[in-house]
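Colleague:
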Amino acid sequence: MTLSRHNPAELSPPTGFSHAVIATGSRLVFLAGQTALDTDGKVVGDTLPEQFETALSNLLTALAAAGGTPHDLARVTVYATDVADYRVHARELGRVWRRLAGRDYPAMAVVGVVRLWDEQCLVEVEGVAVLP
Numbered sequence: 011m012t013l014s015r016h017n018p019a020e021l022s023p024p025t026g027f028s029h030a031v032i033a034t035g036s037r038l039v040f041l042a043g044q045t046a047l048d049t050d051g052k053v054v055g056d057t058l059p060e061q062f063e064t065a066l067s068n069l070l071t072a073l074a075a076a077g078g079t080p081h082d083l084a085r086v087t088v089y090a091t092d093v094a095d096y097r098v099h100a101r102e103l104g105r106v107w108r109r110l111a112g113r114d115y116p117a118m119a120v121v122g123v124v125r126l127w128d129e130q131c132l133v134e135v136e137g138v139a140v141l142p
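Numbering (the numbering used here), first residue to last: 11 to 142.
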C-alpha cells in the first residue's frame with residue numbers, strides 16, 4: 011500500500027492537509043464520524059480543542075481496530091458547528107493532530123454544520139484509510 015501526497019506549486023501552500031492523495035492498496039476502511047464521546051457515551055470536553063482531541067482519538071482507535079495507522083489515512087472530513095472558532099483554534103488543533111497522527115496529512119476538508127447528533131458536540135471527524 012502506498013499513499014503519495016501531492017501539493018502543486020500552482021495552489022496555495024497547504025497547512026495541515028494535502029491537496030491530493032493518491033492511494034494504492036488492497037483494502038479501503040471507511041471510518042464513521044467520531045465525536046467527543048467517552049466509552050460511556052458521554053460528551054467530554056467543553057472547548058473545541060478538547061473535543062477535537064477526543065474525536066480524533068476515537069477515529070484513530072477505530073482505525074487501529076481495523077488494522078490501520080494514522081499514516082494510512084487518505085481522506086478526513088471535519089464537521090464543525092462553529093468554523094470561526096475552528097479557525098481561532100487552528101494552531102492548537104494542528105498541534106493535537108501532529109501529536110496524535112503525525113505529519114503525514116491526508117486530503118482534508120472542514121465543513122460548517124448547524125449541529126451534530128449530540129447537541130453538546132462541537133466537532134465530528136470522519137475518514138477513509140487505505141490499508142495494504
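Just so you know, even glycine gets a beta-carbon here, dropped at the ideal spot from N, CA and C.
Classify Val143: buried if its beta carbon has 16 or more other beta carbons within 10 angstroms, exposed otherwise.
Modeller: No answer is possible for residue 143: the residues shown for the chain start at 11 and end at 142.
Colleague: Can you confirm whether the region 67–77 touches the region 112–125 when touching is taken to mean that 3 or more C-beta pairs between the two stretches lie within less than 8 Å?
Modeller: Between the region 112–125 and the region 67–77, the count of Cβ pairs shorter than 8 Å is below three; the stretches do not touch.
Colleague: Quick one: grab the DSSP three-state call for Gln61.
Modeller: If you number the sequence shown from 1, residue 61 lands on position 51. Note: Gln61 maps to helix in three-state DSSP.
Colleague: Counting pairs of Cβ atoms below 8 Å between the region 41–51 and the region 19–31, do you hit three or more?
Modeller: no
Colleague: Quick check: the Cα distance between Gly122 and Asp92, rounded to an integer number of angstroms?
Modeller: Position 112 of the sequence shown, counted from the start, is the residue given in the question as residue 122. Position 82 of the sequence shown, counted from the start, is the residue given in the question as residue 92. Cα-Cα distance, rounded: 6 Å.
Colleague: Using only the alpha-carbon positions, how far apart do Gly55 and Arg105 sit?
Modeller: As a position in the sequence shown, residue 55 is number 45, starting the count at 1. As a position in the sequence shown, residue 105 is number 95, starting the count at 1. Each residue's CA atom was taken as its position, placing Gly55 and Arg105 some 17 Å apart.
Colleague: Quick one: what's got a C-beta closer than 7 Å to Leu38's C-beta in the same chain, skipping five residues either side?
Modeller: The count along the sequence shown starts at 1 and reaches residue 38 at position 28. Val138, Val140, listed in sequence order.
Colleague: Cβ of Thr45 within 9 Å of Cβ of Cys131?
Modeller: As a working mapping, residue 45 is identified with position 35 in the sequence shown. As a working mapping, residue 131 is identified with position 121 in the sequence shown. Their beta carbons are under 9 Å apart, which means Thr45 touches Cys131 by this criterion.
Colleague: Buried or exposed for Arg85, please, with buried defined as at least 16 other CB atoms from any protein chain shown within 10 angstroms of its CB.
Modeller: Translated into positions along the sequence shown, residue 85 becomes position 75. Buried: at least 16 other Cβ atoms inside 10 Å.
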